[in-house]
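Trainee: If you read the protein sequences in the order shown, they are chains H and V. In this text, residue positions in the first sequence follow my numbering: the first is 1, and each later residue adds one. In this text, residue positions in the second sequence follow my numbering: the first is 1001, and each later residue adds one. Backbone N, C-alpha and C fix where the C-beta goes; we use that ideal spot for every residue, glycine too. If you're wondering where the values come from, they're calculated on a predicted model, not measured in any experiment.
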Amino acid sequence: MSGPGALAGLRVLDLGDHRGQLAGRLLADMGADVIKIEPPGGDHARTIGPFAGDEAHRDRSLFFWFYNLNKRSLTIDLTHPRGADLFGQLARSADIVIESFAPGRLTAMGLGWDELHKINPSLILLSIAPFGQTGPYRDFEADDTVLAALSGMLYVNGFPGRAPVRPLGLQAYHSASYYGAIATMCALFARDRSGEGAWIDLSMQEATAAAVEHVAGSYFENKIAEPRRGTLHWSRFFRVGKCRDGYIMHCTLGDWTSLIEWVKSDGKSADLDVPEYDQVLHRYANAEHLFDVLDEWVKDYGRDELLERAQLLRQPYAIVRRPEALFDDEQLAARGFFVEVEHPELGRTFRYPGAPYVFNGTPWRVYRRPPLTGEHTAAILRDDLGVDPLEVATLASEGVI
Amino acid sequence: MAALPLEGIRILDFTWVVAGPVATRILADHGAQVVKIERKVPPPLGNRKLGLQCDLHRGKVCAAINMAHPRGVEIARKLAAKSDVVIDNFSARVMRSWGIDYESLVAVKPDIICISMSGLGHTGPRSSYVSYGPTLQALSGYTMLMADAEGAPAGYGYSYADMCGGYTGALAALIALWNRKRTGRGQFVDLSQFEAVTAVIGTSLMDISVNHREQEPFGYDSQEGPSAPHGVYRCRPREGDDDRWVAISVRSQAEWERFVNVLGNPAWAGDARFRTLYLRMRNREELDAHVARWTIERSAEDAMATLQRAHIAAGVVANGIDICERDPQLKERGFWPLVETWRGKTTQVTGIPFRISSGSGSIRSAGPEVGENTDYVLGDILGLSPAERAELIAAGAVWP
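1. Does the beta carbon of N157(H) come closer than 8 Å to any beta carbon on chain V?
2. Does the segment 367 to 384 of chain H touch the segment 64 to 73 of chain H, meaning 3 or more C-beta pairs lie closer than 8 Å?
3. Taking the alpha-carbon of F1090(V) as reference, which of S1083(V), L1120(V) and V1377(V) has the nearest alpha-carbon?
4. On the three-state DSSP scale, how would you describe E38(H)?
5. Can you list the beta strand (DSSP E) stretches of 3 or more residues lying completely in the segment 1297 to 1383 of chain V, in chain order?
6. Below 8 Å on the Cβ atoms is my contact criterion, and I expect S1249(V) with S1222(V) to pass it. Report the Cβ-Cβ distance as a whole number of Å.
7. For P1021(V) and L294(H), I'd like the C-alpha separation in whole angstroms.
8. My output table needs one value for C1054(V): the three-state DSSP class, helix, strand or coil.
9. Using only the alpha-carbon positions, how far apart do G16(H) and E99(H) sit?
10. What residues in its chain sit with their C-beta under 7 Å from that of L312(H), if we drop five residues either side in the sequence?
11. Name, going along the chain, the residues of the segment 1219 to 1238 of chain V whose beta-carbon falls closer than 8 Å to a beta-carbon of chain H.
12. Identify whether I224(H) lies in helix, strand or coil by the three-state DSSP scheme.
13. Listed from N- to C-terminal order along the chain, which residues in the segment 1341 to 1358 of chain V have their beta-carbon within a distance smaller than 9 Å of any beta-carbon of chain H?
14. How far does the alpha helix (DSSP H) with I260(H) in it reach, from first residue to last?
15. For T1276(V), report the span of its alpha helix (DSSP H) as first-last.
16. Between E1103(V) and D1190(V), what straight-line distance do the alpha-carbon atoms span, to the nearest angstrom?
17. Anyone know if the C-beta pair for G152(H) and D1322(V) falls short of 8 Å?
18. Which residue from T349(H), P356(H) and L332(H) puts its Cα closest to that of S1127(V)?
19. From this set, S1358(V), E1369(V) and Q1329(V), which residue's C-alpha is nearest R1039(V)'s C-alpha?
20. Measuring CB atoms only, is the segment 353 to 372 of chain H touching the segment 59 to 69 of chain H, in the sense that at least three cross pairs come out at less than 8 Å?
21. When you compare only the Cα positions, how much space is there between H18(H) and A102(H)?
22. Since R412(H) and G1157(V) are thought to touch, with beta carbons under 8 Å apart, how far apart are those beta carbons, to the nearest angstrom?
23. What are the boundary residues of the beta strand (DSSP E) that M249(H) is part of?
24. Could you spell out the range, first to last residue, of the beta strand (DSSP E) harbouring D1190(V)?
25. For A198(H), which three-state DSSP category applies?
26. For N360(H), return the contacting residues in chain V, with the cut-off set at a CB-CB distance below 7 Å.
27. For the beta strand (DSSP E) that H1212(V) lies in, which residues bound it at each end?
28. Would you say E1388(V) faces chain H, with C-beta separation under 8 Å as the test?
29. Buried or exposed for W1294(V), please, with buried defined as at least 16 other CB atoms from any protein chain shown within 10 angstroms of its CB.
30. With DSSP collapsed to three states, give me the class of H289(H).
31. Would you tell me roughly how many angstroms separate the C-alpha atoms of K268(H) and H289(H), rounded to the nearest one?
32. Return no unless some Cβ of chain H is closer than 8 Å to the Cβ of I1075(V).
33. Assuming R11(H) contacts S93(H) under a Cβ cut-off of 8 Å, what Cβ separation, rounded to an integer in Å, is found between them?
34. For A1032(V), does the three-state DSSP call read helix, strand or coil?
35. Find the residues of chain H that neighbour W1268(V), judging by a C-beta separation of less than 9 Å, and give them in chain order.
36. Can you give me the Cβ contacts of R166(H) inside the same chain, cut-off strictly under 8 Å, excluding the 5 residues immediately before and after it?
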């Protein structure tokens, strides 16, 4: 692959911790120069497992690897005056700073919006905080689970009458990071017009609440609190069913006639074979019963056979697969989804999940493996900041870098 | 008021259901003109002036154009030539059959950006699979990993695949537009919603790939480093509602000491089985039982406030009423803004989760009814006269 990435020429200083690190990754994948700024000793994310070979080491965290592909790493102590000073110098020519410190912390270090805006008026500062920079919860503590709770996401997961089930995959952090990348791009467009940078105040709680908007939608439309419904999707058109050899996802949004003909030919249509079920609204209103009958129908099928026949009839059924299956998935293989990333420090190459989108002009790309702790410190200080090699040595011995 | 960041950008929107509309909603919130093309006989998905459908369609204009009619297709093609981005969520053949695919449009408008947000992508042996967010989640492994204590899929009330697809779609449009501004070149983006949603299990995929480890459901294991107690605990009923819970996460030793202190230093907390984080993780069931005996004595709100005063991560497991009516944080930040529906009436909608100091996004109108803006789209954008518009309606190319 050749040619610059879509975001080539943009420099991002990424102070985002384990909560905000996906935002910078999304920009790095498209060609922005994203410098992860870490405290000496490495970012907290490097302590989060799993680890390659189960060896707990800051350069072997798979959690860190996934979120920091394509970034460079500069370790610097921002609480040391010279550290803050060097960061300020980098900020002078950067386009974007991403941070997810507790609100006020950056200002306390002398690197808040007012200071950064003064040294670089066109700089965009993306602040991602659990509850944003204002309001009564501003200083509340939260992890992803607590954010999922306070945003209305956790409550709707699981079965009625039982404890709610925690949503998987750090969705609060992910939602905030997607919005963070989107907000940054919006601020870049605004900067093109005015020349002025901007401070973005992004709330993880709000980003998560916006990711379950049927909860708010139902409340504002019908004044009801959406309940938990087990595996029944809120739309009432999807529910998990059990086949002979595992689980499948039913869907009643395909062509109803061909589905019910199939069920009927298996002798399992029970009372569904009446014209009322042609109506989407009838299927909505009688969803639980409908899926009970369909569960009875699929229970003797093998999953693969059911899926193949369903898709031939253009029924949007799916197998509830284990994640391991993705590595044998023909569709992902044909599209080259998994990419090989070389780790020369380990003498190995690993398969990483790849691009969510194929840009035909400026492709998503692997530029570099996730950085070792402080891997690019010396090069950045020397090439970008022109720091005297003797000073680099003294800063290193003082533990500033 | 400052101009919105995307003012002057026009998006021609063929998407439907959730993921596509989420993508174009985000662009509309930030000033793009989103022109939604659809049939007058849409699936009955609800009222676009209220609730979720309003959230999905707000700020857009909608033209009811009959794409089964050759002249309807011709109108859509003319609109595409006057747009910056054309976005759809069909499989490859649909846009091609209309001549509104990237290859056809680039001949008319060399810098066009086309984004297709199909389920499984435009290439590959399964590209024609029919899918929705929940079925893509099932295929991705995400559904399987979200199991209850008994190991059976416990579902989720919503489809994160749709959201993830929507965010990725909006970001793709912004990145492609940025690149076009710098280089003058458009491009085609083939987004697979399936591939996009795998990000949510990215670390699990890395663990499979690198360590060849079979993944197990996480339950209430923290995914960001060890934590115990970590989970939801039942609280005192509120106004007859006994489905009240508080989420608590205690990570460091210092947090544990503060936690024990807040609980009044009960005797059980001194038990050797809870002395270190490792032991608390090992003996979580006993630990959780003790914590639950504390939470059941108080309201979820009180448990949260008490723990937060000691800087312990805790939050009400909020339901729809909690987030929309009671949560003081969302209220103070104005996260549920009012938008006009019809005849001076208003409704609350979901806000934009970030403020930009140089000019935040804004929600300019409720969702349009199907075809609410057909006249505007044909008249103001395409410059067709009233007589021409009437003739198209008579021909069945557009709906009145």
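Mentor: In terms of the structure at hand:
1. yes
2. yes
3. L1120(V)
4. strand
5. 1313 to 1316, 1338 to 1340, 1346 to 1348 and 1354 to 1356
6. 7 Å
7. 30 Å
8. helix
9. 4 Å
10. none
11. G1219, Y1220, S1222, Q1223, E1224, G1225, S1227, H1230, G1231, V1232 and R1234
12. coil
13. T1347, Q1348, V1349, T1350, G1351, I1352, P1353, F1354, R1355, I1356, S1357 and S1358
14. W256 to S265
15. Per DSSP, T1276(V) belongs to no alpha helix (DSSP H) and is neither H nor E.
16. 13 Å
17. yes
18. L332(H)
19. E1369(V)
20. yes
21. 13 Å
22. Residue 412(H) is absent from the structure shown; chain H starts at 1 and stops at 401.
23. G246 to C251
24. F1188 to S1192
25. strand
26. Q1187 and F1188
27. Unbroken run through H1212(V): none, as it is neither H nor E.
28. no
29. buried
30. helix
31. 13 Å
32. no
33. 7 Å
34. coil
35. Within 9 Å Cβ-Cβ: nothing; W1268(V) doesn't reach chain H, min ~21 Å.
36. T145, A148, L154 and N157
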